[in-house]
Amino acid sequence: MNSQSQSQSQSQRRKNFKIEAFKHKVELDPKYAERTWKVLEHAIHEIYNNNASRLSFEELYRSAYNMVLHKYGDKLYSGLVATMTAHLNKIAKSVESAQGGLFLEKLNHKWADHNKALQMIRDILMYMDRSYVPTSHKTPVHELGLNLWRDHIIHSPNIQARLQDTLLDLVQRERTGDVINRGLMRNITKMLMDLGSSVYQDDFEKPFLDVSASFYSGESQQFIECCDCGSYLKKAERRLNEEMERVSHYLDAKTEVKITSAVEREMIANHMQRLVHMDNSGLVNMLIDDKYDDLSRMYSLFKRVPEGLSTIRDVMTSYLRERGRVLVTDTERLKDPVEFVQCLLNEKDKHDKIISTAFNNDKTFQNALNSSFEYFINLNNRSPEFISLYLDDKLRKGLKGASEEEVEVVLDKVMMLFRYLQEKDVFEKYYKQHLAKRLLSGKTVSDDAERSMIVKLKTECGYQFTSKLEGMFTDMKTSEDTMLDFYAKQSAELGDGPTLAVQILTTGSWPTQLTAACNLPPEILTVCEKFRTYYLGTHSGRRLTWQTNMGTADIKATFGKGHKHELNVSTYQMCVLMLFNSADGLTYREIEQATEIPALDLKRCLQSLACVKGKNVLRKEPMSKDISEEDVFYFNDKFTSKFVKVKIGTVVAQKESEPEKQETRQRVEEDRKPQIEAAIVRIMKSRRVLDHNSIVAEVTKQLQSRFLPNPVVIKKRIESLIEREFLERDKADRKLYRYLA
Amino acid sequence: MASRDRVRFNVGGQLFETTSTTLANAGRESMLGALLDESWNPGQPEYFIDRNPACFSTLLDLLRTGALHIPSNVPEKLLYREALYYGLLDHVRGAKWGPFDGNTLRLADSVPGRAPGDGTAIRGAPDGGCCVAHGSVVHVYNWMLEERRPISLDYQQVNDVGYIDANSIVITARERLGKGDGGMAVFSAATGELRHRFRVEHGRQPKSFTAGALSLAGLDDHRIFSSCKGRLNEYGIGVWDHNTGQQVDFFYEHPGCSLGDADKLQWLPSKNCLMVATLFPRTDNCFIGLLDLRDKSIPWCWSDAGITMNLEDKRVLHAIAMEDGHSICVINQYDDLGFIDLRAGNTNSAGTGVRWSSRSKLMNQKVPYEESCYPKLATHNGQLFSCMNDSISVFSGSEHVLTSTLRRSYGGSICDFSIGGDRLFALHNEENVFDVWDSPPCPII
Numbered sequence: 001m002n003s004q005s006q007s008q009s010q011s012q013r014r015k016n017f018k019i020e021a022f023k024h025k026v027e028l029d030p031k032y033a034e035r036t037w038k039v040l041e042h043a044i045h046e047i048y049n050n051n052a053s054r055l056s057f058e059e060l061y062r063s064a065y066n067m068v069l070h071k072y073g074d075k076l077y078s079g080l081v082a083t084m085t086a087h088l089n090k091i092a093k094s095v096e097s098a099q100g101g102l103f104l105e106k107l108n109h110k111w112a113d114h115n116k117a118l119q120m121i122r123d124i125l126m127y128m129d130r131s132y133v134p135t136s137h138k139t140p141v142h143e144l145g146l147n148l149w150r151d152h153i154i155h156s157p158n159i160q161a162r163l164q165d166t167l168l169d170l171v172q173r174e175r176t177g178d179v180i181n182r183g184l185m186r187n188i189t190k191m192l193m194d195l196g197s198s199v200y201q202d203d204f205e206k207p208f209l210d211v212s213a214s215f216y217s218g219e220s221q222q223f224i225e226c227c228d229c230g231s232y233l234k235k236a237e238r239r240l241n242e243e244m245e246r247v248s249h250y251l252d253a254k255t256e257v258k259i260t261s262a263v264e265r266e267m268i269a270n271h272m273q274r275l276v277h278m279d280n281s282g283l284v285n286m287l288i289d290d291k292y293d294d295l296s297r298m299y300s301l302f303k304r305v306p307e308g309l310s311t312i313r314d315v316m317t318s319y320l321r322e323r324g325r326v327l328v329t330d331t332e333r334l335k336d337p338v339e340f341v342q343c344l345l346n347e348k349d350k351h352d353k354i355i356s357t358a359f360n361n362d363k364t365f366q367n368a369l370n371s372s373f374e375y376f377i378n379l380n381n382r383s384p385e386f387i388s389l390y391l392d393d394k395l396r397k398g399l400k401g402a403s404e405e406e407v408e409v410v411l412d413k414v415m416m417l418f419r420y421l422q423e424k425d426v427f428e429k430y431y432k433q434h435l436a437k438r439l440l441s442g443k444t445v446s447d448d449a450e451r452s453m454i455v456k457l458k459t460e461c462g463y464q465f466t467s468k469l470e471g472m473f474t475d476m477k478t479s480e481d482t483m484l485d486f487y488a489k490q491s492a493e494l495g496d497g498p499t500l501a502v503q504i505l506t507t508g509s510w511p512t513q514l515t516a517a518c519n520l521p522p523e524i525l526t527v528c529e530k531f532r533t534y535y536l537g538t539h540s541g542r543r544l545t546w547q548t549n550m551g552t553a554d555i556k557a558t559f560g561k562g563h564k565h566e567l568n569v570s571t572y573q574m575c576v577l578m579l580f581n582s583a584d585g586l587t588y589r590e591i592e593q594a595t596e597i598p599a600l601d602l603k604r605c606l607q608s609l610a611c612v613k614g615k616n617v618l619r620k621e622p623m624s625k626d627i628s629e630e631d632v633f634y635f636n637d638k639f640t641s642k643f644v645k646v647k648i649g650t651v652v653a654q655k656e657s658e659p660e661k662q663e664t665r666q667r668v669e670e671d672r673k674p675q676i677e678a679a680i681v682r683i684m685k686s687r688r689v690l691d692h693n694s695i696v697a698e699v700t701k702q703l704q705s706r707f708l709p710n711p712v713v714i715k716k717r718i719e720s721l722i723e724r725e726f727l728e729r730d731k732a733d734r735k736l737y738r739y740l741a
Numbered sequence: 001m002a003s004r005d006r007v008r009f010n011v012g013g014q015l016f017e018t019t020s021t022t023l024a025n026a027g028r029e030s031m032l033g034a035l036l037d038e039s040w041n042p043g044q045p046e047y048f049i050d051r052n053p054a055c056f057s058t059l060l061d062l063l064r065t066g067a068l069h070i071p072s073n074v075p076e077k078l079l080y081r082e083a084l085y086y087g088l089l090d091h092v093r094g095a096k097w098g099p100f101d102g103n104t105l106r107l108a109d110s111v112p113g114r115a116p117g118d119g120t121a122i123r124g125a126p127d128g129g130c131c132v133a134h135g136s137v138v139h140v141y142n143w144m145l146e147e148r149r150p151i152s153l154d155y156q157q158v159n160d161v162g163y164i165d166a167n168s169i170v171i172t173a174r175e176r177l178g179k180g181d182g183g184m185a186v187f188s189a190a191t192g193e194l195r196h197r198f199r200v201e202h203g204r205q206p207k208s209f210t211a212g213a214l215s216l217a218g219l220d221d222h223r224i225f226s227s228c229k230g231r232l233n234e235y236g237i238g239v240w241d242h243n244t245g246q247q248v249d250f251f252y253e254h255p256g257c258s259l260g261d262a263d264k265l266q267w268l269p270s271k272n273c274l275m276v277a278t279l280f281p282r283t284d285n286c287f288i289g290l291l292d293l294r295d296k297s298i299p300w301c302w303s304d305a306g307i308t309m310n311l312e313d314k315r316v317l318h319a320i321a322m323e324d325g326h327s328i329c330v331i332n333q334y335d336d337l338g339f340i341d342l343r344a345g346n347t348n349s350a351g352t353g354v355r356w357s358s359r360s361k362l363m364n365q366k367v368p369y370e371e372s373c374y375p376k377l378a379t380h381n382g383q384l385f386s387c388m389n390d391s392i393s394v395f396s397g398s399e400h401v402l403t404s405t406l407r408r409s410y411g412g413s414i415c416d417f418s419i420g421g422d423r424l425f426a427l428h429n430e431e432n433v434f435d436v437w438d439s440p441p442c443p444i445i
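If you read the sequences in order, they're chains A and B.
The numbering of the first sequence is the UniProt record's numbering, which starts it at 1 and goes up by one.
The numbering of the second sequence is the UniProt record's numbering, which starts it at 1 and goes up by one.
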């Protein structure tokens with residue numbers, strides 16, 4: 001056929017031979033385009049009708065190529081649009097007619113068909129896509145196919161609303177527990193996404209979010225009326241997880257943020273205050289009952305919404321402050337300092353654990369906890385004393401047998417409380433007193449623990465804070481060496497008199513004590529004098545004063561029936577007991593006269609000798625708990641004990657009594673004065689001129705690591721410095737101070 | 001199994017046998033890929049294709065080996081046309097030249113122009129095409145070096161051109177007094193159509209302007225920068241988003257640093273700054289500065305103002321920021337390269353800070369030619385390129401050693417050159433000829 005027609009046209013041309021004018025373009029048979037298009041149109045129909053197997057790809061491709069090559073691209077393109085539109089309208093009818101639940105199935109099925117057809121049509125028209133489409137600003141075939149599907153199927157008036165309702169209804173059914181065909185849902189949402197993110201958003205996502213928000217608004221209202229806080233949070237968490245799971249199964253990943261934020265808003269943000277403050281199950285109850293799971297859930301849920309964590313934090317802070325305030329002002333608790341501090345430590349441990357297990361170790365929560373402790377610990381001005389007493393207790397006996405690590409843990413915890421203290425200098429005062437007592441009585445559990453504590457204080461507060469404390473340790477060591485030397489040199493002279501152990505304390509390093517020397521028994525006095533001669537002989541220019549109130553003595557006593565006991569007593573007690581070597585009964589006044597022990601100490605010492613069961617080496621008349629000045633004391637001949645060594649402790653005042661407290665306070669205040677003055681001078685020296693408020697602020701800043709200076713005191717110190725001509729007031733502006741070099 | 005893989009073609013009467021594995025190299029988005037796709041009745045004993053067998057043979061060989069060998073009897077343009085039919089044009093382009101290396105460049109082509117005036121600029125497209133600005137018209141060539149429709153912006157003097165992508169060319173043009181024309185616009189490289197005209201607003205008022213040097217931020221950053229001169233002293237750097245076409249920022253000129261007249265803009269992603277260079281002879285005093293657009297500051301700048309200059313003194317004629325972002329390379333009229341350290345803080349002190357190399361002695365050219373063009377600089381993959389007179393020098397390595405020189409016998413001195421799409425394009429001053437240099441594909445062994 002082909003060769004025949006060719007020869008025909010050749011013969012025709014030969015007949016009408018003429019020279020034609022040169023044409024730029026060879027005109028094609030105008031019917032050729034129409035014919036070629038018919039072939040292609042037919043192919044498109046066949047593709048949509050699943051009859052593609054009879055088509056020749058090569059022929060169709062070449063046809064489309066030829067149409068484009070011969071400038072029939074417009075015809076090809078508009079023909080494609082028209083043909084495809086016609087098919088899609090047919091598809092729309094068929095989808096519309098689908099009954100009830102088959103609607104989505106049908107749509108999905110047709111969508112798959114359309115995609116397959118589109119792919120094949122694009123194959124045929126590939127050349128058009130590559131050359132005609134870009135130069136004529138048309139939409140590429142694939143995109144065109146999607147756009148037409150969107151306009152004629154998805155946005156068809158009979159489909160659009162029905163599709164949306166069907167999808168939303170399925171989601172709603174799944175939320176209420178039904179099982180739905182997730183694969184079908186995924187295909188349909190994927191179709192919407194393929195049609196462009198705006199189609200997905202407008203036709204599904206927006207209404208989905210609206211419906212979800214109102215659903216959760218209603219549900220949360222219902223939950224909050226009938227659930228306690230813990231189970232409400234559980235429900236909210238479950239709903240949140242469900243929505244995330246839904247997104248992962250059949251929605252666009254970008255929807256996750258939107259739907260979760262809707263759930264968060266409706267279920268959490270809108271009910272936050274009510275949840276936190278819920279009666280009997282709110283945040284405070286969870287804290288009290290250590291409900292780690294509930295707290296952790298609340299944390300992770302609230303973290304998702306704005307202001308969520310700060311809501312938790314605020315409630316926790318005010319609860320902690322109130323609880324702490326009650327704790328530190330509870331007069332019952334104040335009776336036992338060790339118990340008091342232990343209570344604080346327990347409180348700290350409890351909430352540390354809550355923050356670490358339930359609140360993800362959140363820094364802001366830790367800060368809130370710290371600031372709460374700082375707030376209430378300083379509400380009680382005895383806190384520094386009590387903390388030192390707690391340490392004293394631990395270092396005396398509490399840590400006996402504890403491993404090094406355990407000791408460190410306890411000390412670190414106490415240091416934590418120490419950090420909260422504003423009046424660190426007050427703590428230092430007490431710590432020094434308590435340390436001195438421990439060292440002198442040899443009661444300290446472990447030297448290592450003591451030194452470790454000093455190191456901690458040093459790292460916390462610097463060298464000057466601990467220099468005196470360290471001096472005390474040095475004194476102890478030197479004393480030991482001195483005593484060895486004394487006995488080595490003087491043993492011949494001393495004979496078998498009482499053994500003396502002297503601790504030489506540097507004045508200033510140790511807490512200053514009123515040196516109310518008592519009258520020592522003559523036997524002791526002789527040895528003491530010998531030591532004094534020895535010591536002053538080896539160290540010139542020193543002065544020795546006996547601190548009899550701080551010593552101890554071991555004495556041997558024989559009671560009735562020849563019972564022998566070794567008594568471990570204080571120096572004061574020894575002085576008293578020695579009197580009974582020469583007398584059986586003595587009145588209080590006689591004892592006081594003979595020993596000259598200060599009344600308060602004497603009463604305490606007599607009390608411990610006569611009134612403690614099992615240790616009553618003296619007998620008192622009348623028998624009573626308290627010592628009065630009319631009492632008479634007798635050597636208790638009937639004293640027995642199953643121990644050979646009997647330790648007679650002094651009834652030590654654990655806490656300071658009110659007057660002592662006043663005294664300590666006064667001493668602290670006195671010590672602060674030079675520190676405040678030094679700070680003022682330092683500041684003024686560098687600033688030269690400064691107004692009152694700035695000085696107060698700067699001084700407070702400089703000193704706050706040790707204590708919080710009172711502005712009134714600062715003002716007084718400034719006035720004193722003006723009097724002493726370190727500073728002067730500015731002539732013009734009375735608020736300004738000048739530094740006088 | 002082996003026979004199943006085999007595919008027979010009858011192309012224009014000539015038989016070919018190949019395998020579907022070989023044809024898979026064509027990709028699904030090609031005619032051959034679609035032909036063998038399972039949606040089209042595959043497994044036929046023989047496929048007929050009504051096309052030129054010689055070209056098919058060449059293209060099949062390309063699919064088999066990845067290398068392009070055009071027999072002498074096949075005209076190149078014919079092969080391109082056939083490749084377009086099969087959808088294999090990108091394969092051909094990819095096999096025509098290899099990865100760019102300044103030291104292996106060969107002259108691929110010389111394309112004569114017909115423009116009346118001096119060339120202004122030449123720019124390489126990302127796909128290996130190029131465009132040449134001559135006076136008020138930009139001639140556009142695809143990678144096959146076929147000329148497309150020339151483009152112009154109201155037939156105004158073109159100041160700079162650039163490719164946003166292979167199909168979008170942005171040009172900047174001068175504004176004619178009182179006409180409100182010129183400015184800056186994007187054109188389609190394929191059709192030459194005007195796509196979008198960029199506007200400048202000052203105080204919410206749209207104003208006409210003269211756009212000068214161009215720079216694109218590149219990659220995911222859609223910003224495009226141009227130096228701008230408005231009528232009412234609205235001098236500075238305009239910033240647009242080429243995705244939206246909207247103006248996003250304007251950096252008004254600070255006193256003492258000339259921005260609206262800049263010769264060269266370059267975005268430095270590592271510093272988040274725009275380098276602006278305004279150089280001799282446009283100004284008497286060279287200014288190079290880095291602009292921080294976020295806070296409208298100039299964190300670094302350099303100037304040679306204040307040094308008494310006579311004509312023999314070394315003057316900075318072109319500048320380019322090095323790819324490492326640590327220094328700016330400059331060039332003078334003696335073809336000396338110099339470096340200014342960007343890390344040395346603000347070296348505002350007049351004219352100091354340039355470390356000149358002494359290459360001028362090496363080149364032994366004390367006085368430049370009478371008919372010379374100003375030298376230009378470019379960088380690519382760690383190599384530095386400079387043009388001076390009729391040759392381009394290639395410097396390699398961290399010490400910038402001179403490693404190659406590219407020179408053509410005719411065309412006169414080079415007025416501009418550009419690297420793009422793994423090709424180097426050099427525009428000559430006389431006869432408007434431009435040369436295309438590229439690296440050969442990797443050798444067989």
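Where is the CB? At the ideal position from N, CA and C, for every residue including glycine.
By alpha-carbon distance to residue 578 of chain A, the top candidate from A:238, A:740, A:562 and A:524 is A:524. According to the DSSP assignment, residue 9 of chain B belongs to the beta strand (DSSP E) that extends over 6 to 11. Chain B places no beta carbon closer than 8 Å to that of residue 132 of chain A, leaving this residue out of the contacts. Residue range 229 to 250 is occupied by the alpha helix (DSSP H) that includes residue 236 of chain A.
The Cβ of residue 35 of chain A sits no closer than 8 Å to any Cβ of chain B. With respect to the C-alpha of residue 167 of chain B, the residue from B:374, B:174, B:148 and B:414 having the closest C-alpha is B:148. The distance from the Cβ of residue 125 of chain B to that of residue 437 of chain B is about 15 Å, inconsistent with a contact at the 8 Å cut-off. Against chain A, a Cβ distance below 8 Å from residue 40 of chain B picks out 52, 55, 57, 120 and 123. In the DSSP secondary-structure assignment, residue 387 of chain B is bridged to B:376 and B:392.
Taking a beta-carbon distance threshold of 8 Å, residue 187 of chain B does not count as an interface residue toward chain A.
In the three-state DSSP reduction, residue 400 of chain A falls in the coil class, being neither helix nor strand.
Within the DSSP secondary-structure output, residue 133 of chain A pairs in no beta bridge. In this structure residue 217 of chain B is not in contact with residue 140 of chain B, their Cβ atoms being roughly 23 Å apart against a cut-off of 8 Å.
Just so you know, the alpha carbons of residue 230 of chain A and residue 312 of chain A end up roughly 14 Å apart. Chain-ordered, the chain B residues with CB closer than 7 Å to the CB of residue 135 of chain A read 190 and 191. For residue 322 of chain B, the closest alpha carbon among the candidates B:83, B:396, B:228 and B:111 is that of B:396.
Using a C-beta cut-off of 8 Å, the region 151 to 169 of chain A makes contact with the region 85 to 103 of chain A, since at least three inter-stretch Cβ pairs fall below that distance.
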